[in-house]
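Numbering (my numbering), first residue to last: 892 to 1196.
In structure tokens form, the structure reads like this:
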């Protein structure tokens, strides 16, 4: 029995959902990516602890994912196990009148909807941002001048040894599209958001306004991974790309969006190789024409983790 089969056996015994050679196209908003050797959906904390510790003991590499909104998976897929947080990791509840706790596997859309139901304001900017709560913390996701760091009180994670820790906002090392969770093996479990009571109609109007702006400006009708590049100091990536005449530029099935040059869209059959080649072309062109170096925001992953 292989190490991967042993891990699968443990996951099944814990009532996890397990799939073989699962196409990562099904789990990324880009709709790109080869197969994961083993895809495991974990529904409760104790199962997550055991699956991760077993993978470590068996030297099986593993990757925790949310909704895959910022991932570009290689065409060769992912060796080892991909673990997605389901079940109880998607729960949310009020800790008091204005603190909302949400599991890392919950979608931002569901959390924003729940906040609206509870007449809680503060998360309107996140309405329409694809992805999970865990992914949003990982990237310090933001829009329209607001970021996760503005509303997060604390974040609870699991260390590789299974120990559970909670960090306060000032310990999370938030910066533009950055957090303490990048380049670590800590697994986000849940997040506490500090919101405030407001009129439900006001909250709904703000959510509708921001989503309308997003719909007008962003290519929501094509698969993408959101903004491809981080905002360069003193500039906007999309504006620079458009100024360089790159709207509509394409490599294979990957194309610079005609609606917003800061996005690369999958026009149907794009591969990871297509996207990476187009990113390199954009970076080279913008650097040559403007002198500005664009830094990639999306995460290319895969092969041997």
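Note that the Cβ used here is the ideal one computed from N, Cα and C, for glycine as well.
Quantities reported herein were computed from a predicted structural model and do not represent experimental measurements.
So, with DSSP's three-state summary, where would you put residue i?
i: residue 1005; result: helix
i: residue 1046; result: strand
i: residue 945; result: helix
i: residue 933; result: strand
i: residue 1191; result: strand
i: residue 1131; result: helix
i: residue 1150; result: coil
i: residue 958; result: coil
i: residue 940; result: helix
i: residue 1017; result: helix
i: residue 1058; result: strand
i: residue 928; result: strand
i: residue 917; result: helix
i: residue 1196; result: Because residue 1196 sits at a pLDDT of 41, beneath the cut-off of 50, its placement in the model cannot be relied upon, and the following sentence gives the value as read from the coordinates. Coil at residue 1196, not helix or strand.
i: residue 999; result: helix
i: residue 968; result: strand
i: residue 979; result: helix
Which two residues bound the contiguous alpha helix (DSSP H) that contains residue i?
i: residue 903; result: 894-904
i: residue 1180; result: 1163-1181
i: residue 1030; result: 1024-1030
Are residue i and residue j touching if we call contact CB-CB under 7 Å?
i: residue 974; j: residue 931; result: yes
i: residue 965; j: residue 1139; result: no
i: residue 1237; j: residue 992; result: Since the first and last residues shown for the chain are 892 and 1196, residue 1237 lies out of range.
i: residue 1165; j: residue 1143; result: yes
i: residue 957; j: residue 1023; result: yes
i: residue 894; j: residue 936; result: no
i: residue 1116; j: residue 1189; result: yes
i: residue 1131; j: residue 1181; result: yes
i: residue 921; j: residue 1114; result: yes
i: residue 1110; j: residue 1148; result: yes
i: residue 1077; j: residue 1048; result: yes
i: residue 1029; j: residue 1070; result: yes
i: residue 1155; j: residue 1168; result: no
i: residue 967; j: residue 925; result: yes
i: residue 999; j: residue 1034; result: no
i: residue 902; j: residue 915; result: no
i: residue 1040; j: residue 1065; result: yes
i: residue 996; j: residue 981; result: yes
i: residue 976; j: residue 919; result: no
So, under 8 Å CB-CB, residue i and residue j are touching, yes? Tell me the CB distance rounded to an integer number of Å.
i: residue 1032; j: residue 1020; result: 6 Å
i: residue 1185; j: residue 1084; result: In fact, because the Cβ distance is near 31 Å, the residues do not count as touching under 8 Å.
i: residue 1162; j: residue 923; result: 7 Å
i: residue 953; j: residue 938; result: Incorrect: roughly 13 Å between the Cβ atoms, too far for contact.
i: residue 898; j: residue 951; result: 5 Å
i: residue 1094; j: residue 1007; result: 5 Å
i: residue 1197; j: residue 1002; result: This structure leaves residue 1197 out entirely; the chain is present only between 892 and 1196.
i: residue 835; j: residue 1152; result: With the chain covering 892 to 1196 only, the question about residue 835 has no answer from this structure.
i: residue 892; j: residue 1018; result: Not quite, the Cβ-Cβ distance comes to about 47 Å (not below 8 Å), so this is no contact.
Give a yes or no on whether 7 Å exceeds the smallest Cβ distance from residue i to chain D.
i: residue 1140; result: In summary, chain D is missing from the structure at hand, where a single protein chain is found.
For the beta strand (DSSP E) that residue i lies in, which residues bound it at each end?
i: residue 994; result: 990-994
i: residue 983; result: 983-985
i: residue 913; result: 908-914
- Task: Give, in chain order, every unbroken run of the beta strand (DSSP E) that is at least 3 residues long and sits entirely within the segment 1060-1114.
- Result: 1078-1085
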